[in-house]
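See structure below.
Numbering (this note's numbering), first residue to last: 373 to 605.
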């Protein structure tokens, strides 16, 4: 099963210093994946073994959920978005075809014609210091309206009574609609098997962690929020 957006590829983030961002993730134990030469700017990909994070030195100015959609041009004609819903359209016979559209909460979705990095055997990759990703948290203002947007696209919605959030599921992707985050704001949530030990290791490496509610937040050089939570057994 795939969504109408296509197959999830990566969580894309803009960065002004791609080397600083890359080094930060590698220090945390993420693995770097080989990328193609499709982009006309510096581009890298890291993964924790579950989610790929695309580091973009150009092309976007806000985080995005990126999907592979074989016929992007036809999809754009089908949805016929309003001007304020369309972020960009890069289409043509000699162009890497991709479009960007906004969700009702202002999150950016990118649909592209092909993958931009090689998918390795993720099962053999080491676990990062902060654990594995369990969710992409998205700021949400109206959970009813936003949930309908995602379920209409093929996502399955589940109520998370633990933190009063709505979970949205699709192959390879788990989203959490969080009303405590501002619309358009996002975070990657990681689950640590031993959170206290993880926090000690981060402190030893002089990495600043802020407590945000029940989460412990680590912020990357490109301002991506990594929210750390304790594993539940």
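Positions of the beta carbon are idealized from the N, C-alpha and C atoms, including for glycine. The model shown is predicted, which means the values in this text are computed figures rather than measured ones.
query, result
"On the CB-based measure, 16 or more other CB atoms within 10 Å of its CB, does residue 543 come out buried or exposed?", "exposed"
"Distance, Cα to Cα, residue 494 vs residue 421?", "5 Å"
"If you pair each beta-carbon of the stretch 379-390 with each one of the stretch 414-430, do three or more pairs fall below 8 Å?", "yes"
"I need the DSSP call for residue 590, collapsed to helix, strand or coil.", "strand"
"Name the DSSP beta bridge partners of residue 582, please?", "589"
"Take residue 487 and list the residues in its own chain whose beta-carbon comes closer than 7 Å to its own, dropping the five residues that flank it on each side.", "381, 440"
"Spatial neighbours of residue 553 within its chain, please: C-beta separation below 8 Å, excluding the five flanking residues on both sides.", "509, 510, 511, 512, 559"
"Given a threshold of 16 other Cβ atoms within 10 Å of its Cβ, counted over all protein chains shown, does residue 472 qualify as buried or as exposed?", "buried"
"Just to confirm, is the Cβ distance from residue 406 to residue 465 under 8 Å?", "no"
"Buried or exposed: which applies to residue 453, given that a residue is buried once 16 or more other Cβ atoms fall within 10 Å of its Cβ?", "exposed"
"Would you say the stretch 387-394 touches the stretch 579-598, given that touching needs at least three Cβ pairs under 8 Å?", "yes"
"Please state whether DSSP places residue 524 in a helix, a strand or coil.", "helix"
"List the residues that DSSP assigns as beta-bridge partners of residue 482.", "438, 472"
"Based on DSSP bridge pairs, tell me the residues matched to residue 377.", "None; residue 377 has no bridge partner."
"Just tell me which of 550, 549, 529 has its CA closest to the CA of residue 541.", "529"
"Give the single residue among 470, 478, 467, 446 whose Cα lies nearest to the Cα of residue 647.", "Since the first and last residues shown for the chain are 373 and 605, residue 647 lies out of range."
"Could I get the ranges of all uninterrupted beta strand (DSSP E) runs contained in the stretch 374-459, with 3 residues as the minimum, in chain order?", "379-386, 403-405, 415-419, 424-428, 436-440"
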